[in-house]
Structures are given as structure tokens and as C-alpha cells.
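Take a look at the structure set out below.
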Ligand code: HAM
């Protein structure tokens, strides 16, 4: 084995796996199309300041997970740990937010220096949807319905739960933060060490601490509901009633706060227990303060991102990948004998012109009929197309169905087109 290996937590997607990735990407894309979302592609590297300001100085991501480096010109750059900040940067830079509504989506690799384990990687992939210019709860509902439809289309609806919460306005959150810190200071010694560290930097994150003893202490803590501002309360109740009417079930989880600082009002996560510890497959919410924070005019915004690897793990664990996804070849052309090759190449090109949907491998590299036949079987193709000396002389092709016992037939090229066209239709 070569001593050069991929970086820990960064995975190759091998050709046997990529059909599943492509299947998932097709499914997501088609739902996003249904709702009128348009794709945006941003660079993988951004100025470090974008994430410090956008995601928040006191988040885990910025404090300990970013891949940050100085380029040769001395600028501090960061491999994007998420897509929202870059999407806002791009939308601002190109004037997409000026008096306009935008429904955007993106996909790509994200980078976080986390401890790798099942479902958690250092390079992972997200597909995200972001909307700009709509302040009302209808767009929050649309974003959630879109994700619900996607999970349903993938056959995963019975294996996920939607957790929903509101973080209220900045002011409400500020008042609550103070009350929470006052309460927790008195029991500081009983908090887990992570939560102790967060007490002054990011106390709301303590709410979703994984420590049971901390969770028990929180039972007596002030409740955010008592601090929630009226406008946010109304926003949340509109969202809930839209989801109710659309038949999307959810659990209101007052301890859901999410790990990025830009949220206000709605936050949500789709969670599963079929993946072990890394149970969040999709998360998002409203972030009305981010655009102004990054230098734009006040612009309401909301969105989500899903973890591609986690959804793929789910699809595989629950055996929800349709078998046909792995059919990537329809026919394998066997060329046995001297005259077969020139004739075979002409036939193959003609087939590709006339039947553009046909996925055809032409055997290259010579070898006996028997060894070529083995390769045809291994390719997963449904048909072997055989050109030997006799066929080449008669300008014909033999078609053998590799999956059934039907008699093979020898056809001229015109009949071959018709036969394959009909069989593949
Ligand atoms: P996030 O919750 O940090 O949100 O990430 C979204 C999803 O990415 C997670 O639910 C998870 O499925 C996946 N994910 C995160 N970290 C990893 C990892 N290390 N390995 C594998 N998968 C991972 C955001 O990034 C926000 N930008 C979402 C958003 C968009 N909010 C509003 N708009």
C-alpha cells in the first residue's frame, strides 16, 4: 500500500458508492426545482473574518474547528465550515438582495476539525437552501415542507423527527441569557466542564448540553417561554399552524438552540435515532440579523442544510436505496477476432448516436471471447453484444440477455437499434 493516504476524516467516494450519492443529489435537486430554488456556487475558501463574524466568535466551529491558514500574500483564509455565511457574502457582493426575494440552494464540501467518527467527518458535504427577503413565517414553513417532502421521497419519513423551537428576538434572548446566567452561576460547580466554559461566552448552548446532570439542573432554570417577545410568539404560532395544516408532525423542543450564533426566532432539526450519536441529518432556521452583520441592509433570511453523508448512511442502514440505482451499464460490447474491432467501433458509435440513453461499454484491450464474456457479466450490464469473426463478416451483432435464459439473437445493425431501443424503453 502506498504511504500516501487521505487525511483523517476526509473520505474518497469510490465508483461503487457514487451512484448512491448521485441518486440522493438527483432527489434533492428535483424537490428544490419543484419549489423554484436556484443554484448558487460559492468558493470553498473564504476570508477568515467572514466566519468569525458570521458564525460567531464563541461557537465551537470558530473556536476549535476551522481549517485556517495564511496564504502566500499573508491573508488569513478558511476552508468553509458551512455554507450560509458564504452564500450571504456572495448574495451581498453581487447585489442579489436589493429589493428582491431569493430562493437559493448550494451543495458542496464543508470542513470542520472535529473528532472523526461514524457520521462525523472533517470533510463532509452539505446541500443547503437559503431564502432572503421574506420576514413572515410562511417561508419558514415552506423550507420545512420542502425538507419533509425530500425525506418522504427518500423513504425516510418514518425514521426522522422534526424538532422545532423559537429563539425569539435579540432583545428577548438577551434578557433570557442574563436570567439563565444568574441562575447557573449559583450552581456553577455542578455543571459539566464544557458548560462551565460556556457560561459567560455562549450560555444558551448549555441548554442542549449532552450531560445528564446539567440537563437535570436545567429543569429548575428560568424558561425561555417567559421571556419570549410577542411578535416572535406570533411568528412561531403561525409556523406551527401552517405545519399542522400541511400534516407535518413536529416536537417543540425548548432546549434546541443550534451551534451557530446567527439564528433568531425559528430553529429546527430533523433527527434520527438510526445513526447513533450523530443524529441530526438536517438543521436550520431563521437568521434575520446575519445580512446586516455582514454589511448589508436589514434583510430577513431563513434556510437549512442537510448532511449528505448522514443521509446516505441512513439510506444504506435502512436499505432504502432502490436496487436500480446500481445499474449503471446497459450493454457490454464484446469484440472477438481481427475484423470485429473496426466494425464494432462503428456499430458502437452508431448506437450512441441513435440511442443517446444507452449506456454502452465497448470492450478494449483484447483478450479471448471467454474473458470478455466474464467482464461483461461483471460489469452488471443487462446485455452482451457480441461481434465475432462471423458477425463481422455478415455485418451483424449477436444480442445475449445476461439476466434471463432467453435465446440469443443475431441481428443486422438496424434491427439491433430497434431491439435495444424497445428493450430499454
Ligand atoms: P449545521 O447544523 O452545523 O448547520 O450543519 C448542517 C448539517 O450538516 C448537520 O445537520 C449534519 O447533518 C451535517 N454536518 C455537520 N457537521 C458534520 C460533520 N462533521 N460530518 C458530517 N456531517 C456534518 C449549518 O451548517 C447551517 N449553515 C445550516 C443553515 C443553513 N442554517 C440556515 N441556513
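Numbering (the working numbering), first residue to last: 3 to 427. Where a beta carbon is used, it is the ideal one built from N, C-alpha and C, also for glycine.
Contact set for residue i: own chain, Cβ-Cβ below 8 Å, skip 5 residues either direction
i, result
"residue 172", "266, 291"
"residue 296", "52, 55, 56, 87, 90, 91, 94"
"residue 288", "142, 265, 266, 267, 268, 269, 302, 303, 304"
"residue 23", "15, 310, 314"
"residue 322", "156, 157, 158, 316"
"residue 103", "133, 134, 135, 136"
"residue 21", "327, 328, 330"
"residue 66", "115"
"residue 138", "237, 240"
"residue 12", "123, 124, 125"
"residue 261", "61, 62, 63, 207"
7 Å Cβ shell around residue i - same chain, five flanking residues per side excluded
i, result
"residue 198", "190"
"residue 159", "153"
"residue 437", "The question about residue 437 has no answer here: the residues shown for the chain are numbered 3 through 427."
"residue 312", "121, 277, 280, 283"
"residue 28", "none"
"residue 432", "The requested residue 432 does not occur in the structure, where the chain is confined to residues 3 to 427."
Beta-carbon contacts of residue i that lie in its chain and below 6 Å, excluding the five residues immediately before and after
i, result
"residue 127", "111, 310"
"residue 254", "166"
"residue 238", "168"
"residue 210", "257, 259"
"residue 174", "229, 230, 231"
"residue 170", "230, 231, 234"
"residue 147", "248"
"residue 84", "112"
"residue 194", "213, 216"
Buried or exposed (CB count within 10 angstroms, at least 16 for buried), residue i
i, result
"residue 9", "exposed"
"residue 6", "exposed"
"residue 97", "exposed"
"residue 344", "exposed"
"residue 348", "exposed"
"residue 75", "exposed"
"residue 221", "exposed"
"residue 161", "buried"
"residue 385", "buried"
"residue 366", "exposed"
"residue 457", "Summary: the structure shown does not reach residue 457, with the chain confined to residues 3 through 427, and so no result is reported for it."
"residue 204", "buried"
"residue 225", "exposed"
"residue 38", "exposed"
"residue 61", "buried"
"residue 402", "buried"
"residue 73", "exposed"
The ligand HAM heavy atom lying under 7 Å from the CB of residue i
i, result
"residue 90", "no"
"residue 126", "yes"
"residue 123", "yes"
"residue 82", "no"
"residue 1", "With the chain running from 3 to 427 in the structure shown, residue 1 is simply not present."
"residue 283", "yes"
"residue 166", "no"
"residue 307", "yes"
"residue 132", "yes"
"residue 114", "yes"
"residue 311", "yes"
"residue 289", "yes"
"residue 86", "yes"
"residue 286", "yes"
"residue 261", "yes"
Backbone secondary structure at residue i - three-state DSSP
i, result
"residue 162", "coil"
"residue 120", "coil"
"residue 288", "strand"
"residue 274", "coil"
"residue 196", "helix"
"residue 382", "coil"
"residue 68", "coil"
"residue 50", "helix"
"residue 213", "coil"
"residue 25", "helix"
"residue 172", "helix"
"residue 304", "strand"
"residue 414", "strand"
"residue 167", "strand"
"residue 156", "coil"
C-beta neighbour in chain D for residue i, strict 8 Å
i, result
"residue 265", "Reference to chain D is not applicable here, since this structure consists of a single protein chain."
Next on the checklist: I want to know whether the region 381-400 touches the region 327-340 - three or more CB-CB distances under 8 Å.
Outcome noted: yes
- Task: Indicate whether the contact test is met: 3 or more Cβ pairs, each with one atom in the region 61-80 and one in the region 41-50, closer than 8 Å.
- Result: In this structure the region 61-80 touches the region 41-50; the number of beta carbon pairs closer than 8 Å is three or more.
Q) Using 8 Å as the Cβ pair cut-off and three pairs as the minimum, do the region 269-283 and the region 113-131 touch? A) yes
Decide yes or no for the touch test of the region 338-358 against the region 389-407: beta carbon pairs closer than 8 Å, at least 3 of them. Verdict: yes, contact present.
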